[in-house]
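Chemist: Once you've had a glance at the structure underneath, I'll fire off some questions.
There are 4 protein chains.
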Amino acid sequence: MAALTVEKTAGGREYKVKDLSQADFGRMEIEIAEVEMPGLMASREEFGPKQPLKGVKITGSLHMTVQTAVLIETLTALGAQVRWCSCNIFSTQDHAAAAIARDSAAVFAWKGETLEEYWWCTERAIDWGSDGAGPDMIVDDGGDVTLLIHEGVKAEELYEKNGTLPDPSSTTVAEFRIVLSTIRESIMKNPRRFRDIAKNISGVSEETTTGVKRLYAMERSSELLFPAINVNDSVTKCKFDNLYGCRHSLPDGLMRATDVMIAGKVGVVCGYGDVGKGCAAALKNAGARVIVTEIDPICALQAVMEGFQVLTLEDCVEYGDIFVTTTGNKDIIMLKHMIRMKNNAVVCNIGHFDNEIDLVGLESHPAAKKTTIKPQTDRWVFSETGRGVILLAEGRLMNLGCGTGHPSFVMSCSFTNQVIAQLELWTERGTGKYQKKVYVLPKHLDEKVAALHLPKLGVKLTKLTEEQAAYINVPVDGPFKPAHYRY
Amino acid sequence: MAALTVEKTAGGREYKVKDLSQADFGRMEIEIAEVEMPGLMASREEFGPKQPLKGVKITGSLHMTVQTAVLIETLTALGAQVRWCSCNIFSTQDHAAAAIARDSAAVFAWKGETLEEYWWCTERAIDWGSDGAGPDMIVDDGGDVTLLIHEGVKAEELYEKNGTLPDPSSTTVAEFRIVLSTIRESIMKNPRRFRDIAKNISGVSEETTTGVKRLYAMERSSELLFPAINVNDSVTKCKFDNLYGCRHSLPDGLMRATDVMIAGKVGVVCGYGDVGKGCAAALKNAGARVIVTEIDPICALQAVMEGFQVLTLEDCVEYGDIFVTTTGNKDIIMLKHMIRMKNNAVVCNIGHFDNEIDLVGLESHPAAKKTTIKPQTDRWVFSETGRGVILLAEGRLMNLGCGTGHPSFVMSCSFTNQVIAQLELWTERGTGKYQKKVYVLPKHLDEKVAALHLPKLGVKLTKLTEEQAAYINVPVDGPFKPAHYRY
Amino acid sequence: MAALTVEKTAGGREYKVKDLSQADFGRMEIEIAEVEMPGLMASREEFGPKQPLKGVKITGSLHMTVQTAVLIETLTALGAQVRWCSCNIFSTQDHAAAAIARDSAAVFAWKGETLEEYWWCTERAIDWGSDGAGPDMIVDDGGDVTLLIHEGVKAEELYEKNGTLPDPSSTTVAEFRIVLSTIRESIMKNPRRFRDIAKNISGVSEETTTGVKRLYAMERSSELLFPAINVNDSVTKCKFDNLYGCRHSLPDGLMRATDVMIAGKVGVVCGYGDVGKGCAAALKNAGARVIVTEIDPICALQAVMEGFQVLTLEDCVEYGDIFVTTTGNKDIIMLKHMIRMKNNAVVCNIGHFDNEIDLVGLESHPAAKKTTIKPQTDRWVFSETGRGVILLAEGRLMNLGCGTGHPSFVMSCSFTNQVIAQLELWTERGTGKYQKKVYVLPKHLDEKVAALHLPKLGVKLTKLTEEQAAYINVPVDGPFKPAHYRY
Amino acid sequence: MAALTVEKTAGGREYKVKDLSQADFGRMEIEIAEVEMPGLMASREEFGPKQPLKGVKITGSLHMTVQTAVLIETLTALGAQVRWCSCNIFSTQDHAAAAIARDSAAVFAWKGETLEEYWWCTERAIDWGSDGAGPDMIVDDGGDVTLLIHEGVKAEELYEKNGTLPDPSSTTVAEFRIVLSTIRESIMKNPRRFRDIAKNISGVSEETTTGVKRLYAMERSSELLFPAINVNDSVTKCKFDNLYGCRHSLPDGLMRATDVMIAGKVGVVCGYGDVGKGCAAALKNAGARVIVTEIDPICALQAVMEGFQVLTLEDCVEYGDIFVTTTGNKDIIMLKHMIRMKNNAVVCNIGHFDNEIDLVGLESHPAAKKTTIKPQTDRWVFSETGRGVILLAEGRLMNLGCGTGHPSFVMSCSFTNQVIAQLELWTERGTGKYQKKVYVLPKHLDEKVAALHLPKLGVKLTKLTEEQAAYINVPVDGPFKPAHYRY
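Residue numbers (full-length UniProt numbering), protein chains in the order written: chain D, 1 to 487; chain F, 1 to 487; chain G, 1 to 487; chain V, 1 to 487.
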């Protein structure tokens with residue numbers, strides 16, 4: 001990696017983006033997005049005057065898009081100072097990054113980072129000063145900032161105990177090797193840094209299923225170092241962003257990357273969780289025949305009730321036209337599958353991590369040759385068959401790599417949860433309400449997030465009478481459902 | 001009410017049905033249903049040989065349909081003795097009742113009971129002998145058997161305390177007046193009967209949202225007298241029966257009752273829970289434009305994301321063509337609404353109780369005149385406007401009153417949960433596993449119910465590898481999701 | 001056949017129906033249907049005062065349903081005298097027949113006629129007096145009245161030429177044998193009857209694809225004896241009744257006959273014309289996976305663009321759950337197919353004639369045994385496999401045999417075309433406008449039919465400005481499209 | 001306009017494109033498109049060896065996209081020489097133009113032409129040599145080449161008659177002014193040029209509704225100078241490209257231009273022809289509530305049967321979120337409408353010409369200010385309200401201006417019709433089969449186009465038996481439908 005240098009705005013704020021001159025374009029798109037993000041704008045109105053996050057240092061690691069820009073500026077409107085990186089090497093919108101860098105926060109992100117650059121950006125985002133100070137709170141997506149700090153603390157403790165430094169060569173996972181290098185260098189400079197950082201953190205609010213799984217695992221093993229709010233499992237997040245966001249952004253990404261006609265094709269969707277449901281619906285609505293693969297019999301039964309055929313990948317790999325992984329698991333579409341596919345079958349992933357598709361297998365297969373059609377759209381040809389597959393975004397989140405991610409409106413639901421979570425964590429710091437555990441926002445806040453988004457869509461809610469509320473045993477103003485309600 | 005007399009089969013089993021000669025027809029439909037109810041048939045295969053319910057006395061109060069017949073005969077195949085009544089005055093399929101009465105269990109049910117007859121049947125179902133013996137377990141739907149026993153116990157205790165007998169004239173609710181009369185007469189015969197019954201009961205498994213709400217209220221107030229399993233909130237019940245069942249049976253009932261063309265019409269669905277989601281989807285799929293009314297902002301936002309307009313009933317009452325209540329609440333469509341509706345607007349309810357539609361208001365309105373087109377299809381004309389509305393099933397469950405209810409396959413999911421719940425309650429009686437509380441079946445049993453229904457639909461599940469299972473931190477064979485997962 | 005006798009009303013009008021006492025019930029349903037049939041009611045208003053069909057004798061052969069009753073009474077409201085029979089042995093709604101017989105027209109129809117009874121009814125409908133007088137005009141559906149008259153004329157001419165009488169034993173087609181017997185007896189009584197009848201007829205308006213095909217064949221061979229208006233190919237008929245009518249009535253018939261859950265099943269729709277499109281959409285919307293069979297590559301390509309798989313019946317016969325024939329062709333689902341089907345696969349036809357399904361093969365197969373579940377729902381078991389199929393309506397139109405056919409609103413579109421066609425034929429008789437050929441109604445009348453149905457559905461049409469009309473070169477008030485436009 | 005100069009390849013072929021260095025990228029996308037265009041590739045295989053278009057000079061005016069590149073190279077594979085321009089100033093894909101210019105044909109097209117440049121390109125495309133020679137045949141889309149030649153001939157005749165030259169100042173339509181200038185200059189150079197060109201032309205095949213309307217008008221007024229094949233009204237064109245193409249490309253264009261979330265929004269589709277049907281379906285499928293505006297009562301009734309509300313634009317202009325014009329008419333969304341719209345309502349056109357939306361009104365309104373967000377995405381703010389609308393592609397075809405147009409597969413259907421039409425016109429030149437009239441391809445060729453596209457989608461067609469074919473009176477191999485069949 002060529003040495004990266006932090007730049008500074010005229011006002012002295014640090015940043016590293018692709019091209020600051022795109023800031024005006026970014027600002028225009030941010031302004032348009034604001035009209036589509038009523039929850040965030042309402043939060044500015046409601047909370048802004050009291051400045052509840054006055055001076056709070058927030059580090060965010062979340063796709064640096066136009067929508068995220070509106071989130072960042074909502075946090076700053078509430079008084080926060082913000083440093084930001086993207087949580088995916090392909091997902092930054094450079095004009096949005098430029099606008100934020102120029103106007104609002106310290107941004108370290110560009111579309112098409114290398115893995116080394118990615119972790120450099122992540123480290124910049126948590127570095128709040130030459131003395132190694134860290135953030136007061138974290139906004140995380142996938143959990144990489146949380147991971148870095150937790151791994152850092154573990155390594156420091158081991159180092160303190162027996163002088164062992166992290167050994168990058170101990171792992172074959174390319175990305176984790178970089179994490180270990182980063183920590184190793186940090187320890188050599190300041191062997192207490194991550195522990196100081198962790199101690200100062202009031203909490204993290206985590207955006208996505210993958211990161212949440214990591215948090216629950218840490219909670220179970222009592223390794224969690226600060227409170228966490230699981231934003232992903234707010235109903236107004238997982239049943240909206242994951243479902244309706246993907247229903248929108250999967251075809252968007254497919255069209256931008258390949259222009260392939262979806263109608264008449266066979267789409268194969270691996271996984272029928274919220275993301276899979278959105279993807280399957282999108283392909284069906286576009287005129288494809290959709291086959292679902294599932295491990296969970298309940299989700300499989302849901303799929304079949306919606307008219308989808310449920311098969312294993314082995315059954316349909318030879319006649320599928322478009323393959324999408326949505327599982328959150330690993331090793332879903334392997335080299336052996338891709339070799340058997342039709343010529344120019346499209347293969348892509350919309351799950352958080354890139355290990356659903358066997359890119360490693362492709363890259364190490366001697367008979368596979370890559371041609372880049374355009375950025376994020378590669379054709380891999382197998383010399384043994386002469387056929388090729390079209391792989392999107394190198395197996396990373398195709399909707400962000402090949403498109404612009406989820407649209408503003410649905411992100412407003414998710415991000416209003418983030419704002420509320422940050423407010424909760426900060427306001428309740430030191431009150432004992434949040435321990436070193438994982439929490440979901442209470443239902444009345446979830447309902448509030450929804451309510452903030454209804455007027456924009458012309459919705460008129462019905463009001464319960466006192467008698468009706470008593471009859472079904474809920475408050476007149478909600479919450480309206482028991483905790484276990486599934487929506 | 002004319003005196004009702006219990007009849008007996010040649011073998012001496014009690015019953016009261018419309019026409020025993022329909023038993024052959026009932027049997028044929030039961031046999032066809034068996035092919036569509038793989039979960040129940042698999043339960044017979046798996047558990048039948050061991051006779052785990054040998055001699056157990058089960059009282060059921062649940063729509064006496066063909067599908068319920070297969071449930072009853074699954075319980076008897078596992079060794080149980082069964083007495084049954086319907087939980088709705090219109091929902092019995094007389095041929096199914098006849099077949100069961102002749103072949104398998106004591107049945108007290110017919111289509112078109114009066115309220116007095118309904119409660120007579122209910123009391124017959126819990127009467128297991130001249131000594132006032134009650135059942136070992138209850139299968140309940142809406143909770144009327146549970147209610148009767150709990151109210152009975154309360155009344156007996158009050159009577160023992162101060163000699164007060166229940167006073168039917170103390171209530172204006174016609175149905176509750178009958179309940180009080182029933183209990184009053186029981187106390188005068190045997191002032192300990194309901195307490196003896198309650199003490200003997202190992203538990204109840206409750207089928208539906210409405211009954212579950214009652215149970216949780218009793219749990220909260222510590223009044224619950226025996227353990228309860230909430231079958232409704234098994235995923236394989238509420239997300240299938242409530243949703244896909246209603247998606248099927250709403251148009252079925254509408255067509256049988258009115259033959260009205262749904263395409264091109266404006267459908268108004270009050271409530272967007274699981275039942276409302278199924279109803280709205282059905283009307284949309286049939287070509288209607290659908291308007292949803294909701295109190296809950298989250299459900300409202302879901303509706304609008306699916307393309308439905310969300311308004312209040314007041315907004316659309318004048319141009320809606322078909323109105324369906326699905327709320328589980330009361331006082332949804334009132335007289336004042338019906339007077340404003342278009343001529344021949346169809347008004348119906350698919351929620352458990354009949355108080356969603358203001359039948360009382362209609363009946364007491366001097367200017368409203370009823371003409372019965374055919375059973376369960378009445379036209380009410382308002383002399384002040386000359387317009388009329390078509391009211392289905394007198395405001396009771398229209399899919400059971402005007403049609404045959406949910407189809408076998410989806411009821412197999414629900415009823416397999418019932419069988420498993422009954423097995424749990426019985427097998428674990430006295431082990432302390434189930435207290436006087438409300439329980440949901442564990443996820444692995446929920447997943448098992450789903451799995452039993454997949455082969456019939458040609459589904460091929462994917463198997464996790466050990467590595468994948470470890471990666472997402474679940475057992476290879478499930479359960480695959482955390483408890484809070486919403487599907 | 002037991003001798004059938006014509007009955008007479010108090011007023012002396014002839015009829016033969018199942019049960020005249022159902023007339024009140026029929027009347028109520030007719031009144032409800034009137035609200036749903038705005039085109040017919042508007043025709044009464046517009047044309048009634050001038051009595052354009054004053055004294056005209058119209059014979060109709062068209063499913064004697066509630067909707068047809070509104071058609072008949074529209075014709076009588078315009079002054080016509082009407083005699084009517086059904087065009088299908090299972091399609092009569094007996095209460096509708098009773099109401100019409102009592103109040104409006106001579107009806108000869110009941111649900112469940114034998115073939116002999118069917119043709120007896122048909123002959124009654126064309127018999128306008130003891131002198132053998134026939135009708136002035138015909139409303140036909142499938143062309144049986146037209147066929148009878150044309151075959152009659154041919155036979156009379158042959159008889160006149162060489163004394164040959166029709167020989168019923170010359171054909172193996174059971175139904176045609178009865179036609180020949182009927183004509184034979186007629187010739188023996190009056191060897192000029194059919195020729196006299198034909199000469200008097202001003203024209204026929206034909207309802208359906210099948211009848212239209214027959215008419216065009218007769219036109220091509222110059223055998224057509226009077227003008228014919230092809231109502232089927234009015235856009236407001238074929239693209240509405242055939243498509244949206246079947247989308248409604250296929251699931252209706254399936255549910256009434258079998259209560260089978262459609263969701264999750266594999267539906268196989270043979271033929272993807274207008275009827276097939278409606279059926280495939282209905283099954284898909286109900287949650288089935290749908291496979292289409294087609295001979296026409298264009299229709300096949302349409303099917304696949306809508307997400308349907310297109311296979312041959314051989315490919316999918318073993319895993320389909322519900323099979324529907326819509327082809328208008330013969331020999332679609334044969335015995336050999338049914339033997340291979342899953343146990344309790346549902347087999348039905350929604351095309352005009354019953355020869356799409358091999359009932360003959362079933363009946364003659366020694367190892368096939370029929371059990372009637374209920375009228376129009378038979379289970380045929382094959383002893384060689386132990387499996388059975390459920391055959392609806394003996395292979396005849398299942399939506400009319402097992403349900404009540406298409407709903408009123410869409411039939412109002414079709415039947416308003418019929419009324420306009422009858423008016424055209426009568427008004428223009430003798431003007432030379434209509435020769436012995438097949439005609440389609442002009443587009444402005446087609447558009448008028450549509451326009452009459454819009455206010456009921458709340459539609460507000462946009463008006464062209466003069467400039468816009470000139471720009472696209474159409475009159476301001478239409479017609480708006482060229483003749484070849486496909487909609 | 002700065003003077004434009006024709007460039008030449010090393011081989012001497014003329015061209016004018018944006019950037020020839022994009023040819024490699026264009027070539028890769030062309031190769032991917034070939035896999036998706038089975039009809040064109042099959043045409044190369046079937047006809048290529050005989051070189052039926054050997055040496056034929058073809059001028060094309062049709063969006064210069066990747067798909068068109070495959071059409072051009074199919075024509076050259078059959079022996080033709082080709083000169084090409086785009087038929088829309090925004091629709092060229094520059095990399096496709098580069099690849100064709102380098103490898104196959106003379107191309108004059110780039111994305112973002114001025115109107116002057118557009119007509120310069122058009123004139124280059126018809127100029128086959130210094131002696132003013134014209135093409136042998138035309139491929140036209142919208143009819144601009146045909147218009148130029150017909151207007152040229154008219155002007156030459158007038159000039160010959162009385163020396164009058166075309167007067168650009170005689171029209172206020174900016175574009176027609178340029179046409180007149182072009183012709184004026186041509187006459188001054190060579191007053192017989194357009195007549196010579198016209199005389200030499202064997203025919204034109206026209207792609208789209210708009211161009212076809214012009215042709216029929218010329219046929220009616222006997223002004224047509226050469227035979228025309230109406231490709232638009234092949235079923236495999238208008239019911240596929242117009243419908244399924246737009247269903248795909250409308251959301252694609254919306255997403256690329258605005259990233260707006262479609263779900264939950266109110267979409268207003270002006271016109272419910274094939275294009276409108278595709279657009280309405282796309283918005284509905286994406287979760288929008290859709291309102292249709294229509295002038296034709298039949299199309300309006302179709303819309304309402306599909307669940308769409310039908311209103312006038314005036315009714316819904318204030319609450320619509322996304323407005324799409326599809327009418328083929330003019331003056332649909334006017335300034336007065338746009339002023340009343342919600343802030344950031346999206347306004348776009350997918351019809352052929354840009355006069356559906358009142359750009360002229362916007363540009364001349366003093367209080368309207370334009371901000372360009374990015375190319376083809378402008379925000380127009382009205383100072384009197386502070387609200388703005390987002391106008392796509394300056395009112396031109398938004399799917400080509402903001403996206404990449406229709407996907408390859410559906411264009412393969414359309415373009416295979418073009419190839420067959422060109423073959424017909426050339427093979428039958430001088431045989432008298434085609435007069436100076438407008439023709440539609442015969443049904444067997446239409447069916448052939450469909451058939452060529454089925455294998456790619458895994459379709460298996462059913463074959464008629466001889467008996468079945470006889471029964472429905474069609475040849476075993478088709479054509480299967482009468483000419484008036486609507487599909």
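Beta carbons are placed, not taken as given, at the ideal position from N, Cα and C, and that holds for glycine.
How many Å lie between F/E318 and D/A281 at the Cα?
Modeler: One C-alpha to the other measures close to 34 Å.
Chemist: Run down chain A in chain order and give the residues with a C-beta less than 9 Å from the C-beta of F/N285.
Modeler: The structure shown contains no chain A; the protein chains it does contain are D, F, G and V.
Chemist: In terms of alpha-carbon separation, which member of F/S249, F/R247, F/L243, F/T210 lies closest to F/N230?
Modeler: F/T210
Chemist: Where does F/N329 land, buried or exposed, given buried means 16+ other C-beta within 10 angstroms?
Modeler: With 16 or more other CB atoms across the displayed protein chains lying within 10 angstroms of its CB, F/N329 is buried.
Chemist: Let me check one thing: in DSSP terms, what residues is residue 542 of chain V bridge-paired to?
Modeler: This structure cannot speak to residue 542 of chain V, because chain V is shown only from 1 to 487.
Chemist: So, does the CB of F/G264 fall closer than 8 Å to a CB anywhere in chain V?
Modeler: yes
Chemist: Put F/D127 into one of helix, strand or coil per three-state DSSP.
Modeler: Correct three-state label for F/D127: coil.
Chemist: Does any residue of chain G have a CB that is nearer than 8 Å to the CB of F/L180?
Modeler: no
Chemist: CB G/K239 to CB G/D296, shorter than 8 Å?
Modeler: no
Chemist: In whole angstroms, what separates the C-alpha of V/G278 from that of V/T92?
Modeler: 23 Å
Chemist: Jot down the residue ranges of each uninterrupted beta strand (DSSP E) in the stretch 303-335 of chain V, minimum 3 residues, whole runs only, in chain order.
Modeler: 322-325
Chemist: Between which two residues does the alpha helix (DSSP H) harbouring V/V204 extend?
Modeler: V/V204 -> not in any alpha helix (DSSP H); beta strand (DSSP E) instead, spanning 203-206.
Chemist: Going by DSSP in three states, F/Y272 sits in which element: helix, strand or coil?
Modeler: coil
Chemist: Mapping DSSP to helix, strand and coil, what is F/N230?
Modeler: strand
Chemist: Applying the criterion that 16 or more other CB atoms from any shown protein chain within 10 Å of the CB defines a buried residue, is G/S364 buried or exposed?
Modeler: exposed
Chemist: Contact defined as beta carbons within less than 8 Å: I believe G/A106 pairs with G/R83. What is the distance between those atoms, to the nearest angstrom?
Modeler: 4 Å
Chemist: Is it right to say V/D321 is buried, meaning 16 or more other beta carbons lie within 10 angstroms of its own, or is it exposed?
Modeler: buried
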